[in-house]
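Numbering (our numbering), first residue to last: 149 to 503.
C-beta: ideal position from N, C-alpha, C; glycine also.
In this text the structure is predicted, and so the values were computed from the model without any measurement.
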């Protein structure tokens, strides 16, 4: 008998069809762990779940290793150590962290500062790290903004030397570390010869090969893009094969005040929560690239995000633009149009447009 499996996670929904009716038939086996403040899952297509158990364990443990380096929630991480050197002098960082810093700097430059890992003082001020979310006072906001800016950082990527010049400056890798962790798992799977798998860390995903039971011409993994307002389980699906995807939205953390909703994704250039999009989904070859760019495009807003995404050949985007009192617009980059399907429940409430 063919078994269908629905795996629901924070930013996406993954649809699997596992064929388990014949002895020795390949099926999707899901392994899970809790790490980096979220649930992570690894789906392996195999006829022998016992044979892949050790590989799954090693792969998921690598996420815990990434978390131990890049979290800002523990005092023993590499990020915490780096932040502790602010205003003191340069420090040599771990090679993995240096690689993430280099990519972060590239995305910061290419996005005009819409993505900036030095945003941590602002995120903390708003209460999205280690506090209760709140709208800060103008004076405090101005002071925190004075501590933000990648252009003030000194970084030698080749030598791994990194310096935060002023006391109070801090980095936050929350917008890129999960994607990097997914890339590490995908690399482990490739080295082990795995051809069909799905890695998911709260919506940062690597779709390797194809899910079982897919019809010819429809190979890949069908991934649902979450409705940020929870009006249904998903608003659209996208079918991917050997690509990575990440979604950023205003639904993870937010604070409401004076009738306004303020999301947790801040614009480093202003200190205020980004607005204009409900979510930004980015497809790329690497999950870290998709992770950082989904944040950057969300901050840029609907018009500038379309312009920037269309001009780049390393990313493709799906952008949800809210239209108060009307039908929301789902902007889909032309290269993704054949892969995106609006969910039936949203056929009358969404307008699909390409760019």
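Proximity of residue i and residue j at Cβ, strictly below 8 Å
i	j	result
residue 440	residue 323	yes
residue 234	residue 270	no
residue 384	residue 489	yes
residue 371	residue 388	yes
residue 227	residue 319	yes
residue 303	residue 249	yes
residue 333	residue 296	no
residue 453	residue 382	no
residue 305	residue 246	yes
residue 475	residue 502	no
residue 184	residue 335	no
Environment of residue i [buried if 16+ CB atoms lie within 10 Å]
i	result
residue 375	buried
residue 457	buried
residue 344	buried
residue 419	buried
residue 499	exposed
residue 404	exposed
residue 442	buried
residue 224	exposed
residue 287	exposed
residue 471	exposed
residue 416	buried
residue 221	exposed
residue 273	buried
residue 337	buried
residue 342	buried
residue 301	buried
residue 468	buried
residue 251	buried
Sequence-distant residues of its chain with Cβ nearer than 7 Å to residue i (five each side left out)
i	result
residue 256	263, 264, 298
residue 448	259, 262, 456
residue 321	218, 227, 248, 265
residue 398	376, 411, 413, 426
residue 367	358, 389
residue 199	none
residue 278	272
residue 505	In the structure as shown, the chain begins at 149 and stops at 503. Residue 505 is therefore absent and cannot be evaluated.
residue 213	none
residue 477	469, 471, 499, 501
residue 197	177
residue 314	234, 235, 295
Neighbourhood of residue i by C-beta distance below 6 Å, restricted to the same chain and skipping five residues each side
i	result
residue 240	308, 309
residue 435	327, 330, 331, 352, 354, 392
residue 446	396, 413, 422, 425, 428
residue 493	380
residue 289	419
residue 193	174, 176, 344, 360
residue 189	178, 180, 348
residue 487	386, 387
residue 340	203
residue 211	183, 188, 329
residue 430	394, 438, 441, 442, 463, 465
residue 231	318
residue 316	295
residue 495	none
Supposed close pair residue i, residue j - CB separation, criterion 8 Å
i	j	result
residue 444	residue 438	With a Cβ gap of about 11 Å, residue 444 and residue 438 do not count as contacting.
residue 378	residue 357	Contact doesn't hold; Cβ gap of about 31 Å is too wide.
Short CB-CB distance (under 8 Å) between residue i and chain B
i	result
residue 351	Looking at the structure shown, chain B is missing, and only one protein chain is on hand.
Neighbourhood of residue i by C-beta distance below 8 Å, restricted to the same chain and skipping five residues each side
i	result
residue 195	172, 173, 174, 175
residue 242	217, 226, 308
residue 507	In this structure the chain extends from 149 to 503, so residue 507 is not present and cannot be described.
Legend entry - Stretch-stretch touch, CB-based, cutoff 8 Å, three pairs: the segment 300 to 313 with the segment 195 to 215: Cβ pair count under 8 Å is below three, so no.
Inset, instruction - Report yes or no: do the segment 208 to 218 and the segment 276 to 290 share at least 3 C-beta pairs separated by less than 8 Å? - result: The segment 208 to 218, when compared against the segment 276 to 290, does not touch it at the 8 Å Cβ threshold.
Inset, instruction - Count the C-beta pairs between the segment 477 to 489 and the segment 443 to 463 that are closer than 8 Å, then say yes if the count reaches three, no if not. - result: Yes: at least three Cβ pairs fall under 8 Å.
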